[in-house]
Amino acid sequence: MRGFFDEAMRRPPEWAQRQMAKLPIDRKLLSQVNQAAIQIAGVHCIEVTPKNSTSNSTVVYLHGGAYVMGSPASYSAFTAQLAVACGARMVVPDYRLSPAHRFPAAQEDCLAVTRELLATGTHEIILMGDSAGGALAANTALALQPTPSIKGLVLLSPWVEPTASGGTMISNDAHDVFSKTFLDQCFAMHIGEADAQDPRVNLVCAELAGLPKTYVQSGGAELFHDQIAEFAERAKHAGADLSWDVYPPQFHVFQALAAGDPDGVRAIDQIAEFVIPLGRTE
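With this note's numbering applied, the sequence shown has no gaps in its numbers, which climb one by one up to 271 at the end.
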């Protein structure tokens, strides 16, 4: 994976998108869900519904990709896996990407989709995302609070402080799937001339009071470890009901990239253990 991201630095963003679109698809996993293309608030989304649905919840899943790559299609296997594990419907927005659509386009799309779901009668929503998508999920939750219909927030290796420069951004650089240089390049494409400390994108600068019940997972070997720790500490200090599981040897978003790995399997199980009680049918 490190080689892919190193090559992505030397190529235009469209190259990474094309490569991600070529990822192999787990047909057996996809056979356990129904997928449909839908429009919500003018944003193209993929709806993933498990054939074993046991929940009233809708999970709005916001994919990662450093704001410049990724799509519902490239996340189809992972979101199917999550949908089956949680027994819940998932809505995966194809939010606008940088640099064609800089900050705050992605943030606006994710918020618009969630608002439209709430306005049209979806009242058991769990926001979930990985990496940049984790920051988008947290921002959406904060923008909508207090909203009782937002039942929970799940953050997988969330990129909550894109301006971070020390600590594990340096010490874990040799161990993660990408480099700080790659992340800096992507964030520059996303933020453009806007304020890099804007709390909509730099979540450690946000007022974190009012977060819904939150579950965080990350790898101990990833670049983001220190910033996630700071976010978790600030959120708890603000009164959030937040739990955080760290998998010491693991890298960034290992849950999606290490299919079949015991840690990945256990992590998916723990996500399901958090999500299922929030939307269990009577």
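Heads up, the beta-carbon is just placed ideally off N, CA and C, and yes, glycines get one too.
Quick one: complete beta strand (DSSP E) runs, 3+ long, within the region 79 to 123?
114 to 119
Could you give the residue range of the alpha helix (DSSP H) that holds residue 28?
Unbroken run through residue 28 is the beta strand (DSSP E), 22 to 29; no alpha helix (DSSP H).
Using CA coordinates, which residue listed in 152, 260, 236, 156 is at the minimum distance from residue 202?
260
Would you kindly work out how many angstroms separate the C-alpha atoms of residue 97 and residue 251, rounded to a whole number?
36 Å
Quick one: measure Cβ to Cβ for residue 237 and residue 209, integer angstroms, because I've assumed they're closer than 8 Å.
4 Å
Closest by CA to residue 229, which one among 64, 107, 196?
Put simply, of 64, 107, 196 the residue whose alpha carbon is nearest the alpha carbon of residue 229 is 196.
Only counting the same chain, and skipping five residues up and downstream in sequence, which positions put a Cβ closer than 7 Å to that of residue 81?
The residues 34, 35, 37, 50, 52, 61, 64, 68, in chain order, have a CB closer than 7 Å to that of residue 81 in the same chain once the five nearest residues on each side in sequence are set aside.
With a threshold of 16 other CB atoms inside 10 Å of the CB of residue 241, please say whether the residue is buried or exposed.
buried
In its own chain, which residues sit with a C-beta less than 8 Å from the C-beta of residue 142, not counting the 5 before and 5 after it?
115, 116, 117, 126, 127, 130, 200, 201, 202, 203, 204
Under three-state DSSP, which class holds residue 208?
strand
Considering residue 284, what are the terminal residues of the beta strand (DSSP E) in which it resides?
Look at the range of the chain in this structure, -10 to 271, and you will see that residue 284 is not part of it.
Please list, in chain order, all residues of the same chain as residue 265 whose beta carbon is under 7 Å from its beta carbon, the five residues on each side excluded.
Take residue 265, set aside five residues on each side of it, and the residues of its chain with a beta-carbon closer than 7 Å to its own are 44, 75, 76, in chain order.
Just to confirm before moving on: does the CB-CB distance between residue 152 and residue 185 stay below 8 Å?
yes
Note down the Cα distance separating residue 56 from residue 91, rounded to an integer number of angstroms.
9 Å
Just verifying my parser: in three-state terms, what is the DSSP assignment at residue 39?
strand
For residue 105 and residue 174, I'd like the C-alpha separation in whole angstroms.
The C-alpha of residue 174 is placed about 33 Å away from the C-alpha of residue 105.
With a Cβ-Cβ cutoff of 8 Å, do residue 168 and residue 147 count as a contact?
no
Considering only residues of the same chain and omitting the five flanking positions on each side of residue 162, which have a CB-CB separation below 8 Å?
Contacts found: 168, 169, 212.
Residue of 159, 165, 193, 262 minimising C-alpha distance to residue 226:
193
Nearest by alpha-carbon distance to residue 27: which of 17, 102, 21, 40 is it?
102
Once DSSP output is grouped into helix, strand and coil, what is the label at residue 47?
Three-state DSSP puts residue 47 in a strand.
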